[in-house]
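J.:
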Amino acid sequence: MKFLWNLAKKNLARSRIRTSISAIAIAVAIIAVVFARGLISGMIDSTFENHINYNAGHIRVIDKEYKLKERLLSLNYALDGFNGKGYSEMSEKLKLVEGVKQVVPRLKFGAVVSMEDELVGMMGWGVNPTEEIAFTKIDEKIIEGRMVELGSREIIMGAGLLEKLNREVGDKVTILYTTPFGSFKGSTFQIVGKVHNTIQMLDDTIFYLPLDQAQRILEMSGEVTELLLITSNQYKAASVLPGLNALFSQEDKTGKYILQVWNKDYELIGLFEIVTKIYNFVYIFIIMLACFVLVNTLIMIVNERTREIGMMSALGLRSREILYLFTMEGAIIGIIGSAIGTVLGGILTKVFSVIGIDYSAAMEGMSSGDFLLEPIYYTVFSLENLVFCFVLGVIVVTIACIIPARKAAKLEPTEALRQI
Amino acid sequence: MFSFKLGLKNLTRQKRRNIITIMVIAFAFFGYLFMDSVMGGMEEMSFSNIKNYDTGNIQVVHPEYWKDREKLPLENLIYLNQDLEESIKNTDGLLGVSPELRFKANLNNGIDEVAVLGLGIFPEQYNEVFDSQNYIFEGSMFAPGESKAVIGVKLAELMDLKVNDYITLLVRTKEETFNTIDVEISGLLNAPNPMINNGIVFIPLDIAQQALNVGNEVSLLAMKTASGDEDKITRALMDGFKNKNLDLQAYSWRESAESVIALSTAKKSGAGTILSVVLLIGMIGIINNVILSALERTGEIGMMKALGMREWEIVFVFMVEATGIGILGGLAGCLIGFAGVGLMAKYGVGFSAMGLDMSEFGIPILDKIYGTWNVPAFSFLFILSVIVALLSSIVPAYWAAHKDPVKAIYHR
Numbered sequence: 005m006k007f008l009w010n011l012a013k014k015n016l017a018r019s020r021i022r023t024s025i026s027a028i029a030i031a032v033a034i035i036a037v038v039f040a041r042g043l044i045s046g047m048i049d050s051t052f053e054n055h056i057n058y059n060a061g062h063i064r065v066i067d068k069e070y071k072l073k074e075r076l077l078s079l080n081y082a083l084d085g086f087n088g089k090g091y092s093e094m095s096e097k098l099k100l101v102e103g104v105k106q107v108v109p110r111l112k113f114g115a116v117v118s119m120e121d122e123l124v125g126m127m128g129w130g131v132n133p134t135e136e137i138a139f140t141k142i143d144e145k146i147i148e149g150r151m152v153e154l155g156s157r158e159i160i161m162g163a164g165l166l167e168k169l170n171r172e173v174g175d176k177v178t179i180l181y182t183t184p185f186g187s188f189k190g191s192t193f194q195i196v197g198k199v200h201n202t203i204q205m206l207d208d209t210i211f212y213l214p215l216d217q218a219q220r221i222l223e224m225s226g227e228v229t230e231l232l233l234i235t236s237n238q239y240k241a242a243s244v245l246p247g248l249n250a251l252f253s254q255e256d257k258t259g260k261y262i263l264q265v266w267n268k269d270y271e272l273i274g275l276f277e278i279v280t281k282i283y284n285f286v287y288i289f290i291i292m293l294a295c296f297v298l299v300n301t302l303i304m305i306v307n308e309r310t311r312e313i314g315m316m317s318a319l320g321l322r323s324r325e326i327l328y329l330f331t332m333e334g335a336i337i338g339i340i341g342s343a344i345g346t347v348l349g350g351i352l353t354k355v356f357s358v359i360g361i362d363y364s365a366a367m368e369g370m371s372s373g374d375f376l377l378e379p380i381y382y383t384v385f386s387l388e389n390l391v392f393c394f395v396l397g398v399i400v401v402t403i404a405c406i407i408p409a410r411k412a413a414k415l416e417p418t419e420a421l422r423q424i
Numbered sequence: 013m014f015s016f017k018l019g020l021k022n023l024t025r026q027k028r029r030n031i032i033t034i035m036v037i038a039f040a041f042f043g044y045l046f047m048d049s050v051m052g053g054m055e056e057m058s059f060s061n062i063k064n065y066d067t068g069n070i071q072v073v074h075p076e077y078w079k080d081r082e083k084l085p086l087e088n089l090i091y092l093n094q095d096l097e098e099s100i101k102n103t104d105g106l107l108g109v110s111p112e113l114r115f116k117a118n119l120n121n122g123i124d125e126v127a128v129l130g131l132g133i134f135p136e137q138y139n140e141v142f143d144s145q146n147y148i149f150e151g152s153m154f155a156p157g158e159s160k161a162v163i164g165v166k167l168a169e170l171m172d173l174k175v176n177d178y179i180t181l182l183v184r185t186k187e188e189t190f191n192t193i194d195v196e197i198s199g200l201l202n203a204p205n206p207m208i209n210n211g212i213v214f215i216p217l218d219i220a221q222q223a224l225n226v227g228n229e230v231s232l233l234a235m236k237t238a239s240g241d242e243d244k245i246t247r248a249l250m251d252g253f254k255n256k257n258l259d260l261q262a263y264s265w266r267e268s269a270e271s272v273i274a275l276s277t278a279k280k281s282g283a284g285t286i287l288s289v290v291l292l293i294g295m296i297g298i299i300n301n302v303i304l305s306a307l308e309r310t311g312e313i314g315m316m317k318a319l320g321m322r323e324w325e326i327v328f329v330f331m332v333e334a335t336g337i338g339i340l341g342g343l344a345g346c347l348i349g350f351a352g353v354g355l356m357a358k359y360g361v362g363f364s365a366m367g368l369d370m371s372e373f374g375i376p377i378l379d380k381i382y383g384t385w386n387v388p389a390f391s392f393l394f395i396l397s398v399i400v401a402l403l404s405s406i407v408p409a410y411w412a413a414h415k416d417p418v419k420a421i422y423h424r
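Chains U and V, in that order, give the protein sequences.
With the first sequence counted from 1, adding 4 to any position gets you the numbering used here.
With the second sequence counted from 1, adding 12 to any position gets you the numbering used here.
#1: Identify whether V/F41 lies in helix, strand or coil by the three-state DSSP scheme.
#2: Can you have a look at V/L292 and say buried or exposed, based on whether 16 or more other CB atoms are within 10 angstroms of its CB?
#3: Look up U/P109 in the DSSP assignment and say whether it is helix, strand or coil.
#4: What residues in the stretch 260 to 294 of chain U bring their beta carbon closer than 9 angstroms to a beta carbon of chain V?
#5: Is any beta-carbon of chain V found at less than 8 angstroms from that of U/S372?
#6: May I ask you to report which of helix, strand or coil DSSP gives V/I123?
#7: Once you ignore the five residues that flank U/S236 on each side, which residues in its own chain have a CB closer than 6 angstroms to its CB?
#8: Taking buried to mean at least 16 other C-beta atoms within 10 Å of its own C-beta, is U/R322 buried or exposed?
#9: Beta carbons nearer than 7 angstroms to chain U: which residues of the stretch 167 to 192 of chain V have them?
#10: Specify, as a first and last residue, the run of the beta strand (DSSP E) that U/M224 falls within.
#11: Suppose the cutoff is 6 angstroms on Cβ atoms and the five residues either side in sequence are ignored; what does the same chain contact list for U/Y287 look like?
#12: I'd like the span of the beta strand (DSSP E) that includes U/L180, first residue to last.
#13: Which residues mark the beginning and the end of the alpha helix (DSSP H) in which V/V332 is found?
#14: Cβ of U/L421 versus every heavy atom of the ligand NAD: is any distance shorter than 7 angstroms?
#15: Counting only Cβ pairs nearer than 7 angstroms, list the residues of chain V close to U/T383.
#16: Please list, in chain order, the chain U residues whose beta carbon lies closer than 9 angstroms to that of V/G345.
#17: Note down the Cα distance separating V/E140 from V/P85, rounded to an integer number of angstroms.
#18: Per DSSP, what are the beta-bridge partners of V/V50 in this structure?
#19: Is it buried or exposed, U/E271, if we count other Cβ atoms within 10 angstroms and call 16 or more buried?
#20: Output the distance between the C-alpha atoms of V/K116 and V/L260, rounded to the nearest integer angstrom.
#21: V/G349 and V/F42: beta carbons closer than 8 angstroms?
#22: Give me the Cβ distance between V/G52 and V/F328, rounded to the nearest whole Å; I'm assuming they're in contact under 8 angstroms.
#23: State the CB to CB distance for the pair U/A31 and U/G341, rounded to an integer number of angstroms; the pair is presumed to be in contact (CB under 8 angstroms).
#24: If you draw a straight line from the alpha carbon of V/K236 to that of U/V116, how long is it in whole angstroms?
#25: List the residues of chain V whose Cβ lies closer than 7 angstroms to the Cβ of U/V355, in chain order.
#26: Do you know offhand how far U/P408's Cα is from U/L415's?
#27: Cβ closer than 7 angstroms: which chain V residues qualify as neighbours of U/T301?
#28: Check whether the Cβ atoms of U/V124 and U/I234 lie closer than 8 angstroms to each other.
#29: Span of the beta strand (DSSP E) holding V/Y178?
#30: What number of angstroms, rounded off, separates the C-alpha of V/G342 from the C-alpha of V/V398?
#31: Quick one: is V/Q308 near chain U, going by C-beta distance under 8 angstroms?
#32: Can you give me the Cβ contacts of V/E333 inside the same chain, cut-off strictly under 6 angstroms, excluding the 5 residues immediately before and after it?
#33: Taking the alpha carbon of V/K244 as the reference point, which residue from V/L232, V/S231, V/Y263 has its own alpha carbon closest?
#34: Going by DSSP, name the residue or residues bridged to V/K160.
#35: State the CB to CB distance for the pair V/L170 and U/L76, rounded to an integer number of angstroms; the pair is presumed to be in contact (CB under 8 angstroms).
#36: Tell me the DSSP secondary structure of V/A85 in three-state form.
Rendered as structure tokens:
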């Protein structure tokens, strides 16, 4: 085996230019694949992150009816805890479930501000500031002023919304809203901060206020519209479900609550899974194209060495060993090409993971909010990606090499020797 | 001439190798053409969605209204009078004209309220321009003057509404006072357009005009033309308006579809990147091919040089061979591409088969997506393949031809 390995290495050095062209072909394909994968996972990661931060948490507890009426921001299907004892008792109990790290309460409601002759529609999020900072790091997105504090009549707004309302940090604003009992009311708040959100839709519509204030003005004390549960690992969120289900079946007699796992109960995620699958085919397609180039070279090598092969088999090398020899030659080219491709592709993704690719011009006017797409993507530089592409390259190339290698192995020694 | 013939003959010498290189190019092209076709299909679908369900082929509006059209103002409306009707009547090629009054409204079912787009229409004229009437899912369209409405199925589901239920639309009139429109639902629409299904309430135009206190005014006139005629008719309409001193402007659907067009440009740049990678690999394949041939024929090259053939002639021989591969590869690629796109255009791919309802995501695809024929892409790729083959062969051919004849023959 060692002998065959050395022979393969030596053979490759016989025509350096031929070897390097094939390696370059493989390398180009691998660079493309590394980069494309980095970009796609960048897109998916940022979308998933937004989905978790603004929609779903890792697991979301809501009222069954609320799921259907979410678009309406209906307040009639709020969470009032187990048997109406309030959400805080419920979140304490949820925190005790193994695997749940954090419970983030949110009270989402629709509101308007009257501007001269028109009404500006907005979405209010009653939040617990400490939980929200720990979860979405909203404090880092505040570009002016500070986060709201529990107990005080203050709000923070998206930069786009502030502009629409023609207000500055420090101004006061009167918000109009409808309580769950159907009465139309107004309250005045002081704007203490400005949030910049890269998602246009959120930037233009959202304001945050302390949860207790939201509950007070909406006459919903002890109620929230949703509880987001955060676990230590988003991909293992489903493993917490049994514990949660046990808690709910024990505490909640009415059965009106449902648990939504972030990557199962939303159609958006299914779409992304399909896209990822389609792209996997594209990657293999690109590598296969490069393999054709290599196969070509190998066929020539086999032709060139027909006499040599005849000689070797006459000297007692079995056909299986000849198969190994040529497959190994191809595999070495595959390894070299994949290695170069992985390194260069890695550098490329690293560079773009810092500077990012700006799609904002292309997405102008598009309702990016529906998709929670960011206008700027950063490729993800991950070892997993590099290893995956390297291994994929080597495997596909080695398999492709078997075809010309079999041809060499099948040669009859006498026939092969006779050929000039 | 001799070099040319030699090049052609060389093309048949290593059949297997050349066929593999041709296959590289062919598969690369097939991949690109197929992708291009699917994307074209998606684009086509969103365009026809805009034309058939939202704007019509041409919209006639007041220029000031056009600027603010997203806000749905009730100012700068069009007054339907004799002059306007005449100038429209005199325009050839219009297949239908539908006056529309668009307004903001809040739909109330007694429990919840949701913001919707209200659309006052004359059903008959609306049907001449738009396809929506084919998608009445339940019930029927209203007649002018009836206090009835047609809404999308998704909206009905959201608000728990059925045919014959009563709804209240809360609107603000031209004078900014609040008013309500009480209507009975006469039908439900399930059109292949998410906006219609989710957020539009159709009511008779006269009812809307009365409630909004706008007299005989409308927001816009949506018009249907044969596709491709938009620009010509837009110009004709504008001339007509100028003659009558009407301060109106005609816009083709393209101007309302800016965001969709921007999106498809973004997608195309993505496709361009993949195309360039694929072409690069094809290029390397051709370079490899030339180098392999040159290596094989080193002795031959030396012989030709010793016999007095000049370097550029040898380069030419290799270039002919490579270009031949480019042509064959391009042809083969176009042929399989033709087959693939043909199948795609005929049968399409169903998203519902994958268990997805695309309309959930605001993408106007309901059921199936079909490929489109992009004939320029075929010829463009073919020419590109020939040029790329020609160019990428020059350097390795020169490398081959540059060898010292003595050394080259001695090689054996």
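Even for Gly, the Cβ is constructed at its ideal location relative to N, Cα and C.
T.: The answer reads as follows:
#1: helix
#2: buried
#3: strand
#4: E271, L272, G274, L275, I278, V286, F289, I290, M292, L293, A294
#5: Summary for U/S372: the model assigns pLDDT 41, below 50, so the residue's position carries little reliability, and this model does not support an answer.
#6: coil
#7: Non-local C-beta neighbours of U/S236 in its own chain, meaning closer than 6 angstroms and more than five positions away in sequence, comprise K105, ordered along the chain.
#8: exposed
#9: L170, E188
#10: It is not in any beta strand (DSSP E) - U/M224 carries neither H nor E in the DSSP assignment.
#11: V37
#12: Run containing U/L180: 176 to 182, per the beta strand (DSSP E) assignment.
#13: 323 to 359
#14: Within the structure as shown, the ligand NAD is missing, as the structure has no ligands at all.
#15: Simply none; closest approach about 13 angstroms.
#16: The premise fails here: V/G345 is roughly 12 angstroms from chain U at the closest Cβ pair, so nothing lies under 9 angstroms.
#17: Each residue's alpha carbon lies about 26 angstroms from the other.
#18: Partner(s): none; V/V50 has no beta bridge.
#19: Exposed.
#20: 23 angstroms
#21: Contact: yes.
#22: About 39 angstroms separates the two Cβ atoms, so there is no contact after all.
#23: 5 angstroms
#24: The alpha-carbon atoms of V/K236 and U/V116 are separated by roughly 38 angstroms.
#25: Using a Cβ-Cβ cut-off of 7 angstroms, U/V355 is close to nothing in chain V; its nearest Cβ partner there is about 16 angstroms away.
#26: 11 angstroms
#27: N300, L304
#28: Cβ distance not < 8 angstroms, so U/V124 and U/I234 don't count as in contact.
#29: Per DSSP, V/Y178 belongs to the beta strand (DSSP E) from 178 to 184.
#30: Answer to the nearest angstrom: the Cα atoms are 7 angstroms apart.
#31: It should be pointed out that residue 308 of chain V corresponds to Glu in this sequence rather than to Gln. Output row for V/E308: interface = yes.
#32: If the five residues before and after V/E333 are omitted, its C-beta is found closer than 6 angstroms to the C-beta atoms of G19, N22, L23, all from its own chain and listed in chain order.
#33: V/Y263
#34: V/E196
#35: Indeed they touch by this definition, with Cβ atoms about 7 angstroms apart.
#36: Looking at the sequence shown, residue 85 of chain V is not Ala but Pro. The DSSP-derived three-state label of V/P85 is coil.
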